[in-house]
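Numbering-wise, the sequence shown is residues 1 to 219 according to full-length UniProt numbering.
Every residue gets a Cβ at the ideal spot worked out from N, C-alpha and C, and that includes glycine.
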Amino acid sequence: MVTKTPRPSRSSGSEAYDLLLEAIDSGALPAGTRLREAELAERFRISRTPVREALKRLEAQGLVLHEPHHGAVVASLDYGQMAELYHMREVLEGTAAGLAATHATATEVEILREMVERDRGLLADPAALAATNRAFHRQIRLSARNRFLNATLENMRISLALLAGTTLAVPKRGAESVEEHAAIMAAIEARDAAGAEAAARRHIRNAFKVRIGLEHGGG
Numbered sequence: 001m002v003t004k005t006p007r008p009s010r011s012s013g014s015e016a017y018d019l020l021l022e023a024i025d026s027g028a029l030p031a032g033t034r035l036r037e038a039e040l041a042e043r044f045r046i047s048r049t050p051v052r053e054a055l056k057r058l059e060a061q062g063l064v065l066h067e068p069h070h071g072a073v074v075a076s077l078d079y080g081q082m083a084e085l086y087h088m089r090e091v092l093e094g095t096a097a098g099l100a101a102t103h104a105t106a107t108e109v110e111i112l113r114e115m116v117e118r119d120r121g122l123l124a125d126p127a128a129l130a131a132t133n134r135a136f137h138r139q140i141r142l143s144a145r146n147r148f149l150n151a152t153l154e155n156m157r158i159s160l161a162l163l164a165g166t167t168l169a170v171p172k173r174g175a176e177s178v179e180e181h182a183a184i185m186a187a188i189e190a191r192d193a194a195g196a197e198a199a200a201r202r203h204i205r206n207a208f209k210v211r212i213g214l215e216h217g218g219g
């Protein structure tokens, strides 16, 4: 009896987009990787049409670009672009934290507190900490009650997928980051909008300093 190789399943462009974005974000498809439709379809067990749709969407967002003689590749950020990205993160994440100090409900503050406590137990697992770090920042954005700010920060998060690795894997950075989150949470709980914004901006500046070290091969 001949065993047939399973055919790639059909998938929507949205599902293919999520798969490719996750692969870029996790580093499975690092900057400079050549993106061939047929290979991606086989790799993710999906058909080529949704892969093509996903690549177009990623290109529109700046995560994929076309190089002469190479076709589609995963984009990369140069130093200037990275600095611009972190500068805007500092401004917008700070604004979100300040608004959260005004608008967050008691339940939302409790959720933030529980997130900080949980993360203190994840310091030995940078990958897990990176995932919960994103959840913490997302909760602050939602608590800010500004749909336009939330949408802008979500689009910025997509651009962050182009940065290789996580700064939380750098020795001591995970613990520092969690305590910075604790400071942001405490200011939000105290309804101190200025303090929350300052704490959030300081957190992003510190992350940028560590990112520069990573990009230059330092610690």
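- The three-state reading of DSSP puts arginine 191 in coil, since its state is none of H, G, I, E or B.
- Using a Cβ distance threshold of 7 Å, leucine 214 and serine 159 do not count as a contacting pair.
- DSSP, reduced to helix, strand and coil, places arginine 157 within a helical segment of the structure shown.
- Proximity to alanine 75 across Arg201, Ala161 and Glu180 peaks at Ala161, based on C-alpha coordinates.
- Here histidine 66 carries a strand assignment [DSSP, helix/strand/coil].
- Alanine 196 is a Cβ neighbour of isoleucine 184, given a cutoff of 7 Å.
- Among the bridge pairs identified by DSSP, glycine 71 is matched with Glu67.
- Around the CB of tyrosine 79, fewer than 16 other CB atoms lie within 10 Å, so the residue is classed as exposed.
- In this structure, the straight-line span from the alpha carbon of proline 126 to that of serine 177 is close to 11 Å.
- Shortest Cα-Cα distance from aspartate 18 to any of Thr33, Ser143 and Arg57 involves Arg57.
- Taking all protein chains in view, the Cβ of glycine 98 is crowded by 16 or more other Cβ atoms within 10 Å, so the residue is classified as buried.
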